[in-house]
DNA sequence: ACCTAAGTATACCGTCAAGTATACTTTGGC
DNA sequence: GCCAAAGTATACTTGACGGTATACTTAGGT
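Residue numbers (this note's numbering), protein chains in the order written: chain L, 1 to 207; chain D, 208 to 414.
Here is the structure:
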């Protein structure tokens, strides 16, 4: 019995996440979660007061995991076009990843019961990325603040939302990704992203 | 007892939709649906084999209701800029309407169990609107087909997805609409739509 | 060595909801 | 007017699941 405290807590979170993603909130049973976490229901309830609290903990946990994927890595280089394309490509890829899609569906499914969960999740993902993009435009390209924000929103609208929305509704093939890997994979076509980035930069610089 | 056949069937569908939207698939009880439809569970099961079939019937029913809102009315006038702005504004408004949002969340919540439901729903809404936009551009403005499609996708990306996605996650205030009314209401700001339409038209004509 | 906190194993309770059964009433076509 | 189809009223069966209870084991600090 080496697995105590945080270790076990993490195993529970991970197992619970799998079960919630696979079955949805209501059909996910605490019995199954305990089984997958290789522990007992009694212990589950020692760590999490009830199913609702466990669910919220999972949203938070996932938020953290996703945020870690969405940094602006230094090794994207100094060329803004190139760096922006890589960043956007990687973000798009992360968001159409089937695990992300299922997580979004889960939070959306329960948005009525847990409005804060959905809103926080959204803000943590989309808000953060939008801010990072705007900051990059402002700092590296000396674009004025309000223009930078508008440009970031616009860029995301063109690149992300169409494919993301389609993926949400299951209208795109499922995307499986590795947990590591910092470069966009073959699941995203960089060509339209390059075009959108180029156009955004041109417009932003012109003002 | 004047309400037989289709009449009753419609009452059931409407009541079931309310209950599903309010509680989600699993927490919606057939007892409550029967009560709201002012009938009995036995009759419910006479019209719909089981809960799943009822759910799918509701998706289809709603699809029809939404599609009816998304026509390109003749009274939008002959000026393409103006007509496109009205059309896009009305589509945006319809999609951030809280009933639409809840319906989308519902289909997304069950996308795992009913993949066809979600995909069909998506196609019926977004696919149809995209087609109508592209057709309009092609027919009224003589834009070549592939360009028209690209322009339509782009336009929707800029106008719709950002607000729609935010609304999905509950990051925008709820929008309540009247069932009738063919003009966009005060819930959508036409200014950014005008800009996007103008830019789209300029780009489409240039090619 | 021992005591306490954490975890295990397993059974149990109460509730709720899907779907069925049974006996009855209303309706409309003939 | 009658009869089959549609609908009503209500009770029942069955199973699942959230959460608790009880009795036990293990680990680790002192």
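Ideal placement from N, C-alpha and C gives every residue a C-beta, glycine not left out.
{"Item": "In this structure, does DSSP put residue 175 of chain L in helix, strand or coil?", "Value": "strand"}
{"Item": "Which residue spans inside the region 253-289 of chain D form an unbroken alpha helix (DSSP H) run of at least 4?", "Value": "258-276"}
{"Item": "Answer with yes or no whether the minimum CB distance from residue 188 of chain L to chain D is below 7 Å.", "Value": "no"}
{"Item": "What separation, rounded to the nearest whole angstrom, lies between the Cα atoms of residue 91 of chain L and residue 192 of chain L?", "Value": "14 Å"}
{"Item": "Quick check on residue 458 of chain D: buried or exposed, where buried means 16 or more other Cβ atoms within 10 Å of its Cβ?", "Value": "The question about residue 458 of chain D has no answer here: the residues shown for chain D are numbered 208 through 414."}
{"Item": "Let me make sure I understand the geometry here. Which of L:153, L:162, L:146, L:55 has the alpha-carbon closest to that of residue 360 of chain D?", "Value": "L:162"}
{"Item": "So which residues of chain L does residue 250 of chain D contact, with C-beta pairs closer than 8 Å?", "Value": "Result: empty, since nearest Cβ-Cβ is about 26 Å, beyond 8 Å."}
{"Item": "Starting from residue 200 of chain L, trace the alpha helix (DSSP H) both ways and give me its first and last residue.", "Value": "190-206"}
{"Item": "Which same chain residues end up closer than 7 Å to residue 374 of chain D when comparing Cβ atoms and leaving out the 5 residues on each side of it in sequence?", "Value": "303, 308"}
{"Item": "Whole angstroms are fine: how far does the CA of residue 79 of chain L sit from the CA of residue 386 of chain D?", "Value": "51 Å"}
{"Item": "Whole-angstrom Cβ separation of residue 155 of chain L and residue 197 of chain L, contact assumed at under 8 Å?", "Value": "7 Å"}
{"Item": "Check for me: the alpha helix (DSSP H) holding residue 182 of chain L runs from which residue to which?", "Value": "From DSSP, residue 182 of chain L is part of no alpha helix (DSSP H); its letter is neither H nor E."}
{"Item": "Which same chain residues end up closer than 6 Å to residue 239 of chain D when comparing Cβ atoms and leaving out the 5 residues on each side of it in sequence?", "Value": "226"}
{"Item": "Does the beta-carbon distance from residue 220 of chain D to residue 268 of chain D come in below 7 Å?", "Value": "yes"}
{"Item": "Looking at residue 89 of chain L: is its Cβ nearer than 7 Å to the Cβ of residue 184 of chain L?", "Value": "yes"}
{"Item": "If we ignore side chains and look at the alpha-carbon of each, how far apart do residue 148 of chain D and residue 169 of chain L end up?", "Value": "With chain D running from 208 to 414 in the structure shown, residue 148 of chain D is simply not present."}
{"Item": "Does the beta carbon of residue 122 of chain L come closer than 7 Å to any beta carbon on chain D?", "Value": "yes"}
{"Item": "Just the Cα atoms here: how many angstroms apart are residue 397 of chain D and residue 315 of chain D?", "Value": "29 Å"}
{"Item": "What's the call for residue 53 of chain L, buried or exposed, on a 16-neighbour Cβ count within 10 Å?", "Value": "exposed"}
{"Item": "With 7 Å set as the bound, which would you pick, yes or no: does the beta-carbon of residue 369 of chain D sit closer than that to a beta-carbon of chain L?", "Value": "yes"}
{"Item": "How about residue 301 of chain D: is its C-beta nearer than 7 Å to some C-beta of chain L?", "Value": "no"}
{"Item": "By a C-beta neighbour count over all protein chains shown, 10 Å radius and 16 as the cutoff for buried, is residue 49 of chain L buried or exposed?", "Value": "exposed"}
{"Item": "From this set, D:215, D:233, D:243, D:379, which residue's C-alpha is nearest residue 223 of chain D's C-alpha?", "Value": "D:243"}
{"Item": "Would you please verify whether the beta carbon of residue 326 of chain D is less than 7 Å from any beta carbon of chain L?", "Value": "yes"}
{"Item": "Does the separation of the CB atoms of residue 334 of chain D and residue 263 of chain D fall below 7 Å?", "Value": "no"}
{"Item": "Excluding the five sequence neighbours on either side, which residues of its own chain have a C-beta within less than 7 Å of the C-beta of residue 237 of chain D, listed in chain order?", "Value": "248, 251, 258"}
{"Item": "Rounded to the nearest angstrom, how far is the Cβ of residue 93 of chain L from that of residue 177 of chain L, given a contact under 8 Å?", "Value": "7 Å"}
{"Item": "Are the beta-carbon atoms belonging to residue 72 of chain L and residue 132 of chain L less than 7 Å from one another?", "Value": "yes"}
{"Item": "Determine, for residue 169 of chain L, whether the minimum Cβ-Cβ distance to residues of chain D falls below 7 Å.", "Value": "yes"}
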